[in-house]
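In what follows, a structure is listed as structure tokens, so that the remarks can point back to it.
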Amino acid sequence: MKKDTKKLSDAAKHRHPAKEWLGSNKQYRALFDSAGDAIFIHDSKGRILAVNTTACEQYGYTRSELMSMTASLMVIPEKRIHVKKRFAQMMKRGRLKFETVHQRKDGTSLPIEVNSRRITWNGQAAIMSICHDITERKRAEQMLIETAEDKFKTIFNHASDGIILADPENKKFYTGNNAFCRMLGYRLEEITKLSVMDIHPGKDLPYVMEQFKGQAMGNFTLAKDMPVKRKDGSVFYADINATVMTIAGKIYMVGFFRDITEHRQTEKALKTSEQKTRAVFDQTFQFIGLMTTDGTLIEANRTALEFGGIETSSVLGKPFWETPWWTHSPELQEKLRLAIKKGAQGEFIRFEATHFAKDGTLHYVDFSLKPVKDEAGKVIFLIPEGRDITERKQVEDEVRKLNESLEKRVQERTTELARANQELETLIRIASHDLRSPLVNIQGFNQLLNKAWDVISRILADAVLPDETRQALVASHEKAAKAMRFINAGVEKMNGLISGLLRLSQLGRAPLVLQTLNMNALLQSVVEAMAFQIRTAAAEVTVDDLPACRADATLISQVFSNLLDNAIKYRDPARPLRVQIWGHQEKDARVVYCVEDNGLGVAPEYQQKIWNLFYRLNPQGSGAGEGVGLPTVQRIVERHGGKVWMESEVGRGSRFFLALPAAAKEAAS
Numbered sequence: 000m001k002k003d004t005k006k007l008s009d010a011a012k013h014r015h016p017a018k019e020w021l022g023s024n025k026q027y028r029a030l031f032d033s034a035g036d037a038i039f040i041h042d043s044k045g046r047i048l049a050v051n052t053t054a055c056e057q058y059g060y061t062r063s064e065l066m067s068m069t070a071s072l073m074v075i076p077e078k079r080i081h082v083k084k085r086f087a088q089m090m091k092r093g094r095l096k097f098e099t100v101h102q103r104k105d106g107t108s109l110p111i112e113v114n115s116r117r118i119t120w121n122g123q124a125a126i127m128s129i130c131h132d133i134t135e136r137k138r139a140e141q142m143l144i145e146t147a148e149d150k151f152k153t154i155f156n157h158a159s160d161g162i163i164l165a166d167p168e169n170k171k172f173y174t175g176n177n178a179f180c181r182m183l184g185y186r187l188e189e190i191t192k193l194s195v196m197d198i199h200p201g202k203d204l205p206y207v208m209e210q211f212k213g214q215a216m217g218n219f220t221l222a223k224d225m226p227v228k229r230k231d232g233s234v235f236y237a238d239i240n241a242t243v244m245t246i247a248g249k250i251y252m253v254g255f256f257r258d259i260t261e262h263r264q265t266e267k268a269l270k271t272s273e274q275k276t277r278a279v280f281d282q283t284f285q286f287i288g289l290m291t292t293d294g295t296l297i298e299a300n301r302t303a304l305e306f307g308g309i310e311t312s313s314v315l316g317k318p319f320w321e322t323p324w325w326t327h328s329p330e331l332q333e334k335l336r337l338a339i340k341k342g343a344q345g346e347f348i349r350f351e352a353t354h355f356a357k358d359g360t361l362h363y364v365d366f367s368l369k370p371v372k373d374e375a376g377k378v379i380f381l382i383p384e385g386r387d388i389t390e391r392k393q394v395e396d397e398v399r400k401l402n403e404s405l406e407k408r409v410q411e412r413t414t415e416l417a418r419a420n421q422e423l424e425t426l427i428r429i430a431s432h433d434l435r436s437p438l439v440n441i442q443g444f445n446q447l448l449n450k451a452w453d454v455i456s457r458i459l460a461d462a463v464l465p466d467e468t469r470q471a472l473v474a475s476h477e478k479a480a481k482a483m484r485f486i487n488a489g490v491e492k493m494n495g496l497i498s499g500l501l502r503l504s505q506l507g508r509a510p511l512v513l514q515t516l517n518m519n520a521l522l523q524s525v526v527e528a529m530a531f532q533i534r535t536a537a538a539e540v541t542v543d544d545l546p547a548c549r550a551d552a553t554l555i556s557q558v559f560s561n562l563l564d565n566a567i568k569y570r571d572p573a574r575p576l577r578v579q580i581w582g583h584q585e586k587d588a589r590v591v592y593c594v595e596d597n598g599l600g601v602a603p604e605y606q607q608k609i610w611n612l613f614y615r616l617n618p619q620g621s622g623a624g625e626g627v628g629l630p631t632v633q634r635i636v637e638r639h640g641g642k643v644w645m646e647s648e649v650g651r652g653s654r655f656f657l658a659l660p661a662a663a664k665e666a667a668s
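In numbering that gives the first Met the number 0, the protein residues as written are 0 to 668.
As structure tokens, this is what we get:
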């Protein structure tokens, strides 16, 4: 059937007089009536001049009924407005193809595709229209539209951006998606009563409408940073991407709203952060810049620029070594180029440089080059940084000169002290010798007096004398004996003081023989050496397990001997003497030992004085010290780089602490 319609159409193309080939040619007449599409021939006024059988069947009219009608009556009423215009187009162009909807005799609609051509009928211009029934196609299209609409609605309502459909002419809203309703705080039924003018602040409407017009005309699609007013009057900002679209045969202005409030806040925070960073960058006292890995300078802070009196434009974009900070020294330029190569490989570089200030003075700069890496570890920038150390260099120079002067003075003072010490030691030796000589004489004569007095005592005992004379002689005898005892005690005391003074002076001359000391063994030897004194005092001495130290064995033995002797001398007669020696390892590479007793104790006002040479408290019993023991202990400990101190309470006892260098772990074990 379609082939028959095509033949008729081809015949019409050749402009055969239609009346003639339909009337005289039975073959064409048969084709005309048997064509699968309805065929109408009408004049320029629309009066129907001829129809084929298919037209009668499709429309439900008889041939005579159709021949009495006009083409406009075949069209449904709402489409008839276009008929006159299409006739004019047809007569002008010679052919026209369009879609429309016809009405059958029973009132039902018939969607058709019309293919019209201008022909000659009875010598006059006429139109042949072949009307193809497109009912099935329209049904299929409708199904596609409905399917597409379902998909569109799903996407429409689940989109994260707000979407609104508006009339391009009156700007009223047809509908909006869920996201748009949430953005503005309206329900959908409220949205459909609004227009573009209702959702923007009044003061911004002229600009908004200008943007809407530009989008409607297709000049652009994206309007950025548009103020949008919510139902509650609050305003947020959105990027609006809008364009004109035809959806289901209707023309809409479709707008996509993206809330950029958070983005604007982020941008604002970023801008503020950048301003702060820039402020710090420019206001810091240090010279700071930024350059690419090949050494091209892309940033320099104000401090660096003002220091050299340099304009930004004269240095940015140039190799760093060619900037005025470096051009005064080819050696520094070469050093900088090498540093940049190393920095580009990820190495941190630091060296001392010199730069000329704008006043022409040469300044010293502590310069460094730090690589900046991305997340993958690739070097993407280099940060040159410089700190003006001219004042520090000047101070260092002054300090160096002062140190040299001080070293000279110290050396001179040391020489003087060494000379004084030597003279003092010589004086002590001479004084000791000179003092000992008369002491020996005194002691010798005292012994002779003792012997003579013994003889006198025997004679006095055997002699017969008057009672008064005897009593006087006996009294004088006893006084003389007591005086000789005092002379002997004084000689012994003086001899002890001289010996102590000599020992104390010798401590500074003898070199230290440092070794790792087994303190348990050393204290055992000390206690055994003093066993007689300990038993005599009825004392109990307890030694805990002690950590090792590094010191001179002889001198440390002397320290503990002096402290034990001190505890025995200053014991409390009201209770048995108990002495405990303990120690522990400190974290600072020291060991601390303690000699603790329950003796008399020392009053607070005397606890500093006891370290003075020749200072003595009144000891218990006749074993008086010379006041040299504790100063000797202090001198020995300090020679080892250690420290000695005491804690004491009258009536409870004393604790003497020694801090000495600890032994190495391997040696101690």
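Glycine residues also receive a C-beta, built at the ideal position from the N, C-alpha and C atoms.
Between the C-alpha atoms of residue i and residue j, what's the straight-line distance to the nearest angstrom?
i, j, result
"Arg349", "His639", "41 Å"
"Glu168", "Met244", "13 Å"
"Glu189", "Ser67", "53 Å"
"Gln619", "Gly626", "With a pLDDT of 45 at Gln619, under the threshold of 50, the modelled position of that residue is not reliable, and no figure is offered here."
"Ile287", "Glu266", "25 Å"
"Gly307", "Leu331", "17 Å"
"Cys548", "Phe380", "55 Å"
"Asp258", "Tyr236", "6 Å"
"Gly641", "Asp358", "55 Å"
"Gly294", "Glu403", "42 Å"
"Glu77", "Asn114", "21 Å"
"Leu511", "Leu554", "9 Å"
"Arg46", "Ala139", "33 Å"
"Thr134", "Ser43", "27 Å"
"Glu351", "Asp365", "5 Å"
"Glu273", "Thr353", "31 Å"
"Gln523", "Asn565", "18 Å"
"Gln470", "Met529", "46 Å"
"Phe65", "Lys91", "For the record, residue 65 in the displayed sequence is Leu; it is not Phe. Cα-Cα distance, rounded: 26 Å."
"Asp166", "Thr53", "43 Å"
"Glu585", "Leu659", "10 Å"
"Gln671", "Thr242", "Shown here, the chain extends from 0 to 668; a query on residue 671 therefore has no answer."
"Ala663", "Val594", "24 Å"
Under 8 Å by Cβ, that's how I've got residue i and residue j pegged, so tell me the actual separation to the nearest angstrom.
i, j, result
"Val601", "Pro546", "About 27 Å separates the two Cβ atoms, so there is no contact after all."
"Arg577", "Asp596", "7 Å"
"Ile198", "Val234", "In fact, because the Cβ distance is near 10 Å, the residues do not count as touching under 8 Å."
"Ile239", "Phe255", "7 Å"
"Thr107", "Val74", "14 Å between Cβ atoms; not a contact."
"Leu95", "Asp132", "Not confirmed; about 18 Å, so no contact."
Just mark residue i as buried or exposed, buried being the case when its beta carbon has 16 or more other beta carbons within 10 Å.
i, result
"Ala87", "exposed"
"Leu657", "buried"
"His41", "buried"
"Trp324", "buried"
"His262", "exposed"
"Tyr592", "buried"
"Tyr569", "buried"
"Pro575", "exposed"
"Asn51", "buried"
"Tyr185", "buried"
"Tyr605", "exposed"
"Arg136", "exposed"
"Gln214", "buried"
"Tyr206", "exposed"
"Ser63", "exposed"
"Ala29", "exposed"
"Met142", "exposed"
"Glu665", "At Glu665, the pLDDT of 49 sits below 50, so the modelled position is not reliable and the matter cannot be decided from this model."
Checking the sheet assignment: what are the DSSP bridge partners for residue i?
i, result
"Lys642", "Ala658"
"Ile250", "Thr245"
"Ile309", "Beta-bridge pairing links Ile309 to no other residue."
"Trp120", "Gln123"
"His157", "Note: His157 sits in no beta bridge, so no partner."
"His354", "His362"
Hey, does residue i have any beta-carbon neighbour from chain B nearer than 8 Å?
i, result
"Thr283", "Although the question refers to chain B, the structure presented lacks it and comprises just one protein chain."
Ignoring anything shorter than 3 residues or poking outside the segment 194-246, list the beta strand (DSSP E) runs there in chain order. 221-228 and 234-246
What are the uninterrupted segments assigned as beta strand (DSSP E) that are 3 or more residues long and contained completely in the segment 24-61, given in chain order? 37-41 and 47-50
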